[in-house]
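Asks:
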Amino acid sequence: MKAAVIVFPGSNCDRDMAHALQDFTDVKTVDLIPHTAESVDRYDAIFLPGGFSYGDYLRSGAIARFAPVMESVVSEAKKGKTVVGICNGFQILLEAGLLPGAMKRNTNLKYICRTVNVKVENSGTRFTSDYEEGEVLRIPIAHGDGNYECDEQTYETLKMNHRIVFSYESDVNGSTGRIAGITNEAGNVLGMMPHPERAMETLLGSEDGRGLFTSVYHHWRDTHVVTT
Amino acid sequence: MVNVHVYITLKEGVLDPQGKAVQHSLTALGYEGVEEVKVGKWIKLEVAEGSDLDARIESMCEQLLANPVIENYTYQVEREAQV
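From first to last, the protein sequence lines stand for chains A and B.
Those letters in the first sequence? Residues 2 to 229, per my numbering, in order.
Those letters in the second sequence? Residues 985 to 1067, per my numbering, in order.
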């Protein structure tokens, strides 16, 4: 499997993401791809990292969504490739329209940086198959705009189709339905606010994030590698 | 060139955490009767005049300046008085 980690001006979790993929899965290639790249079509999975792309000016993710590389990210996502957006990456996917809804300022208006309990609501996705359904993970969050908002109909659709993949165990930022992560309708695009790439080592607090990266890898292996 | 003032606010019914906080602060300072506060953005553009001005502004708002999922926008075109 070949993975691309997109680097926007202001991304700051790109190295952590690459480290998580490189050192905790059997992914063959992990490349850091600049925002100016024309195409990511040679990659099997595309990761949009956290950070403050373009200084979060205007709205988080609003400008990054028009970065040259995004045209290719959107077309690969529409072809069914795996796309993961974490934190600012999630915000970019929302702005790009690959996922429904939008982010508002956290209810308490504060930038929240701490480890929270995140519940796996659906372990039947390509992002969560290595977790147990209902498992509670310790994963850090670090965001000011993580208050997920969508209209009632969208929320019902997300719920009904099990597209709410992660939720906060308790309300941390005001998100509708305590949503922490959702997928698109086809199930190949995931956006989540918590940072699994910062939860890879027990020594550093938690290794509960590993399952996300191994799930993605195992999904690719199971669909692409023929074993005899 | 004309000046265009674009105002962006959260849609009706979308809870505005910043507006709420400002309202609480005003009440705490003793200002009575502040029923509602909304915090939004004001963006000033200097753009070339033309018959398609409205279409261009609306397109800019829809595509980038506002997020139609949660935000509304209005704008005013300010033309300098002819001398």
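The beta-carbon is built from N, C-alpha and C at its ideal position, and this holds for glycine as well.
The structure displayed is predicted, hence computed values, not measured ones.
1. Listed from N- to C-terminal order along the chain, which residues in the segment 993-1023 of chain B have their beta-carbon within a distance smaller than 7 Å of any beta-carbon of chain A?
2. Specify, as a first and last residue, the run of the alpha helix (DSSP H) that residue 1043 of chain B falls within.
3. Taking 8 Å as the threshold (beta carbon to beta carbon), is residue 110 of chain A in contact with chain B?
4. So who's on the other strand from residue 181 of chain A, going by DSSP bridges?
5. Taking 8 Å as the threshold (C-beta atoms), are residue 129 of chain A and residue 121 of chain A in contact?
6. Determine the contact status of residue 117 of chain A and residue 149 of chain A, defining contact as a CB-CB distance below 8 Å.
7. So, under 8 Å CB-CB, residue 28 of chain A and residue 4 of chain A are touching, yes? Tell me the CB distance rounded to an integer number of Å.
8. From the DSSP output, in three-state form, read off residue 49 of chain A for me.
9. Which residue comes first and which comes last in the alpha helix (DSSP H) that contains residue 156 of chain A?
10. Check whether the segment 148-167 of chain A and the segment 182-202 of chain A touch, using three or more Cβ-Cβ pairs below 8 Å as the test.
11. Taking the DSSP output, what are the residues bridged to residue 137 of chain A?
12. Name the two residues that bound the continuous beta strand (DSSP E) containing residue 167 of chain A.
13. Beta-carbon separation of residue 1052 of chain B and residue 105 of chain A under 8 Å?
14. What are the boundary residues of the alpha helix (DSSP H) that residue 24 of chain A is part of?
15. What is the DSSP secondary structure of residue 209 of chain A, counted as helix, strand or coil?
16. What three-state label does DSSP hand residue 40 of chain A in the structure shown?
17. With a threshold of 8 Å between beta-carbons, can residue 1053 of chain B be considered close to chain A, or not?
18. For residue 182 of chain A, go through chain B and note every residue whose CB falls closer than 7 Å to its CB, in chain order.
19. Mind checking if residue 160 of chain A is an interface residue toward chain B, Cβ cutoff 8 Å exclusive?
20. Just how far apart, CA to CA, sit residue 1057 of chain B and residue 12 of chain A?
Replies: Put simply:
1. 998, 1001, 1002 and 1005
2. 1037-1044
3. yes
4. According to DSSP, residue 181 of chain A bridges with nothing at all.
5. yes
6. no
7. Residue 4 of chain A and residue 28 of chain A do touch by the CB rule: their CB atoms are close to 5 Å apart, below 8 Å.
8. strand
9. 153-161
10. yes
11. A:120
12. 165-169
13. no
14. Taken as a continuous stretch (DSSP letters only), the alpha helix (DSSP H) holding residue 24 of chain A covers 15-25.
15. It is coil, neither helix nor strand.
16. coil
17. yes
18. None at all; the shortest Cβ gap to chain B is about 18 Å.
19. no
20. A direct Cα-Cα distance of roughly 29 Å separates residue 1057 of chain B from residue 12 of chain A.
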